[in-house]
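Below is one structure; the comments refer to it alone.
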Amino acid sequence: MSELMAVSAARRLQDGEVCFVGIGLPSLAANLARATHAPNCVLIYESGTIGAKPTELPLSIGDGELAVTADAVVSVPEMFAYWLQGERIDIGFLGAAQIDRHGNLNSTVIGDYDHPKVRLPGGGGAPEIATSVRDVFVMLKQSRRSFVERLDFKTSVGERVRVVVTDLGVLEPDGDGELRLTHVHPGVEPEEVRAATAWDLSIAEDLAVTEAPSEAELGALRSLRTKGAPG
Amino acid sequence: MSELMAVSAARRLQDGEVCFVGIGLPSLAANLARATHAPNCVLIYESGTIGAKPTELPLSIGDGELAVTADAVVSVPEMFAYWLQGERIDIGFLGAAQIDRHGNLNSTVIGDYDHPKVRLPGGGGAPEIATSVRDVFVMLKQSRRSFVERLDFKTSVGERVRVVVTDLGVLEPDGDGELRLTHVHPGVEPEEVRAATAWDLSIAEDLAVTEAPSEAELGALRSLRTKGAPG
Amino acid sequence: MAELVPLRTAIEQLVRDGDVVALEGFTHLIPHAAGHEVIRQRRRDLTLVRMTPDVVYDQLVGMGCARKLVFSWGGNPGVGSLHRVRDAVEHDWPRPLELEEHSHAGMAAAYAAGAANLPFGVVRGYRDTDLASQTNVERITCPFTGEQLAAVPAHRPDAGIVHAQQADRRGNVQLWGITGVQKEVVLASKRSIVTVEEVVDELEPRPGAVVLPHWVIDAVSHVPGGAHPSYALGYYDRDNEFYVRWAEISRERDIFAQWMEENVLRESVLA
Amino acid sequence: MAELVPLRTAIEQLVRDGDVVALEGFTHLIPHAAGHEVIRQRRRDLTLVRMTPDVVYDQLVGMGCARKLVFSWGGNPGVGSLHRVRDAVEHDWPRPLELEEHSHAGMAAAYAAGAANLPFGVVRGYRDTDLASQTNVERITCPFTGEQLAAVPAHRPDAGIVHAQQADRRGNVQLWGITGVQKEVVLASKRSIVTVEEVVDELEPRPGAVVLPHWVIDAVSHVPGGAHPSYALGYYDRDNEFYVRWAEISRERDIFAQWMEENVLRESVLA
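In order, the protein sequence lines correspond to chains G, Y, C and Z. The opening residue of the first sequence carries number 6 in the working numbering; numbering runs sequentially from there. The opening residue of the second sequence carries number 6 in the working numbering; numbering runs sequentially from there. The opening residue of the third sequence carries number -12 in the working numbering; numbering runs sequentially from there. The opening residue of the fourth sequence carries number -12 in the working numbering; numbering runs sequentially from there.
If you want it as structure tokens, here you go:
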């Protein structure tokens, strides 16, 4: 299903857009877009590489290939000050352990902050990505544990979340900023998605079915993935 | 006399000291020190060049040779934030149009600020050099117009001024931070220096006479100067 | 998104009467040609920003383009005064020139704050000087230590103009040597123009170079010699003779006006 | 003034019990060997600072060297959790670990402020999140616009440790690839150590490199492989296998302790 998640996210990138990408699905999606309809997408990794053009998907944002193929490498303080806070980035990708109906995310703790059940890695770049890029794309697998009524911790705010791509479908904010289901992936029933959501999920009137990956997309995906991509 | 000024200042630099130098006499003095007793002095020009090793004295701090021979070139914001404000510099050289008995300097205006008689270039790096380096060396020609009772404008503060080298002698602060005459150049009478000072200049009990430039100093100076140095 | 356009077009479209304009270059790679084009297009009421205003700012001020100058050191480096700036400040000719004066540290922090999309920069500076009361800074208190520092308002020019050695055909720019505040100026400005010595197929990475991607620049103009008489490392050295001559040209209003007429106003736009 | 000394000597002299220590490397050039030496010398009560604590911080925490962790993202990149950090946070083993948690932007600004000798950095961040109330930030008001921003206290570590590709014999250092916050860490720290892959006669300038002059570094130690299992561009790639294996090694206290005994505590100091 992560293939379909990557394809769904990649299709939403316009050629030439500047994307702040992390490792894993976001990197896969952005590189898929570059390999198909959006060859001029600019990939920025928070480690400081601007315009990276990896031939293999990196396992870490510290991969030297990102620096070697980049148009420019800047320091991490400069990346966050001049480029992210400077609002030069169109698209930022975020993942999380929990999301609520407004697109707020938790990647910090499950349970109480001081006595957590699970201590997660933490926000990293997410808090400022969420408020500095034009559009936030969220990618995460959908379940009642992750699509929650109430976050255990608010790591980042949802006001710029434009799309949430899951393994079941696609959610987009309605006029009031509440996420509703706008696409289901092939073979997925809307009720299945509602059952995997802890809040009472609305379904768009014009609910669509995600178009299956094209030959070109699958080919690009395979050639990207066979070079050692994770998950 | 500017030769003797350069020699007097150069002698006061210790080998290995990190010097923030401007164009003209300071650059001449610091390069003279490098060419004689202090080969490991580090020259920093505010244009961003760290460890510049010019073979010819530059006419401007924008001279490309400073960049080409430097250990590192940094941006101007970094120079002022990390290196000057970061208090990594031992010695800073300043000139001025006016100096008072406490080493405060004016390089901004003669006359009233809003209706100046003479509009000078302004402070540039001086205000923060004066408060960020360990020791300030001032170099300027001595006259009642420049060594004044009261500055028309205080561009920089004198608290870190350790020595003032003039065309007549050398002034250093006493215990109360008031400049007094500690050296006269060969052939100069103390009363001559007092006459060229608008305040009532004290004279050190152990007033000395500047040692005449050595052969080595003169040779180094000549080889530096014949390559196109100003003044 | 950088377009490669003639300099005339770039200035026409991106520099407007009343704008705050920064033509930067810290004593190296100074965008003289772009300044001359601003003069030829007779822009008025500009607020000119620059750390080290020198000859090209003297020309802009003397030709009446500016109503205000924001700066930290104004002079003819290694030579002396800017006579046209002094005439404007001391005698209101050809029009009064308002000054907003900073230290270098304050100007650099103001550009960096602008590039970082912050409303102010912080420096430990302006302390105990007469400058603090004449300029636009405020005290700010550290919420952790109680220390008093100076806040300078961010520079956010309407138009930022710099000169670089090279661009590629997509408008990516590379400059090297003394790179000054040029990155900050381009990133802090609402609109930006870069003039370049050369357009190449591929930018070859160089030690100490600053690379600006095409998508942060509005216009790139190919103007060989565009920094003359200042330096462009790898292309030409400073024309020191000219800097010395400028003292003579600029001293008298008539001689200045005639020189500008013959050397700037009548000059055909080559690029 | 950098001295070339063995790593053991550098850690002995420059890292002390109770220190605030930053071993930095933004997912590249991570100073693993120096971290192991800190463990071998059984430093205690350290406050460990790092944007992206990963395996070597898991080891330091699991061995009981730290009482506090200041960070913005803690994980095994591309693999998962740091089990030793989680065990310390969730079960106080081998001792409680206090957390001070920031965003990347806040951490980066805190290092930059430290390098600039300012008591705080300013970011437009931490807004409307639960992080603001759990960490050490304060609101600050722009004196010009009235905008509310976040102030983060500057990082001023007692000891800053980074890994670089090369030093020359005088102790000047050059690093390249992904240079992260390494310059800021060295400049922000009271004492600094750089481990290097290679000592060369002359540093050859490289595109994108950061050069640190010897007079801002306290000790340079020649430790080939000192970043293993992380990357050192031009020398070796990341040992991805090890990062995956670390998940297994670190999951159980006993296996972890045994691995550390065999692979770190008993290791002879080569440099």
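Note that beta-carbon positions come from the ideal geometry of N, C-alpha and C, so glycine has one too. Fair warning: this is a prediction, and the values are worked out from it, not measured in the lab.
- In this structure, the beta-carbon distance from P195(G) to A217(G) does not fall below 8 Å.
- Boundaries of the beta strand (DSSP E) around D155(Z): A146 to D155.
- Rounded to the nearest angstrom, the Cβ distance from E88(C) to S59(C) is 7 Å, consistent with a contact under 8 Å.
- The alpha-carbon separation between G163(G) and V124(Z) amounts to approximately 22 Å.
- For D32(C), no Cβ of chain Y is located within less than 8 Å of the residue's own Cβ.
- At a C-beta separation below 7 Å, E(-10)(Z) has no neighbours in chain C, since its nearest C-beta there lies roughly 27 Å away.
- When the five nearest sequence neighbours on each side are left out, the beta carbons in the same chain lying within less than 6 Å of the beta carbon of A137(Z) are those of V110, G112, Y113 and V124, in order along the chain.
- In the three-state scheme derived from DSSP, where H, G and I count as helix and E and B as strand, E87(Z) is classed as strand.
- For G93(C), the closest Cβ of chain Z is not nearer than 8 Å.
- The beta carbon of V72(Z) sits no closer than 8 Å to any beta carbon of chain C.
- Closer than 8 Å to the CB of V162(Y) there is not a single CB belonging to chain Z.
- Per DSSP, the continuous beta strand (DSSP E) segment holding P178(Y) begins and ends at G174 to P178.
- For L190(C), no chain Z residue has a C-beta closer than 8 Å to its own C-beta; the minimum C-beta separation is roughly 10 Å.
- Within the stretch 102 to 136 of chain Z, the residues whose Cβ lies closer than 8 Å to some Cβ of chain G are V110, R111, G112, Y113, R114, D115, T116, D117, L118 and Q121, listed in chain order.
- Per DSSP, the beta bridge partners of R124(G) are V114(G).
- F142(Y) and L199(Z) have their C-alpha atoms roughly 26 Å apart.
- In the DSSP assignment, R185(Y) falls outside any alpha helix (DSSP H) and within the unbroken beta strand (DSSP E) covering L184 to V189.
- Secondary-structure assignment with DSSP links T34(Z) through a beta bridge to V7(Z) and K55(Z).
- As far as DSSP is concerned, R16(Y) takes part in no beta bridge.
- With respect to the 8 Å criterion, G27(G) and I165(Z) are not classified as neighbours on the basis of their beta carbons.
- About 6 Å separates the CB atoms of V2(C) and V25(C); that is less than 8 Å, so the two are in contact.
- The continuous beta strand (DSSP E) containing R178(C) extends over residues R178 to V187.
- Between the alpha carbons of S219(G) and D172(G) lies a gap of roughly 18 Å.
- With a threshold of 16 other beta carbon atoms within 10 Å, T60(Y) falls short and is exposed.
- Spanning the alpha carbons of R71(Z) and P81(Z) requires a straight line of approximately 9 Å.
- Within its own chain, the residues whose Cβ lies closer than 7 Å to the Cβ of P126(G), once the five positions on either side in sequence are excluded, are S112, listed in chain order.
- Pairwise C-beta distances place the stretch 20 to 35 of chain Z out of contact with the stretch 217 to 236 of chain Z, as fewer than three of them are shorter than 8 Å.
- At a beta-carbon threshold of 7 Å, the residues of chain Y lying near L220(C) are G69 and A72, ordered along the chain.
- When secondary structure is reduced to three states using DSSP, H42(G) falls in the coil class, being assigned neither helix nor strand.
- In the DSSP assignment, no residue is bridged to I204(Z).
- Residue state for M50(C) is assigned as coil, using DSSP reduced to three classes.
- Annotation: the continuous beta strand (DSSP E) that includes E125(Z) extends over E125 to T128.
- With a threshold of 8 Å between beta carbons, G62(Z) makes no contact with chain C.
- Remark: three or more beta-carbon pairs, one from each stretch, lie closer than 8 Å, so the stretch 187 to 203 of chain C and the stretch 155 to 164 of chain C are flagged as touching.
- DSSP places I236(C) in the helix class (H, G or I) of the three-state scheme.
- Check the Cα spacing between G21(Y) and each of N36(Y), N45(Y) and A11(Y): the tightest is with N45(Y).
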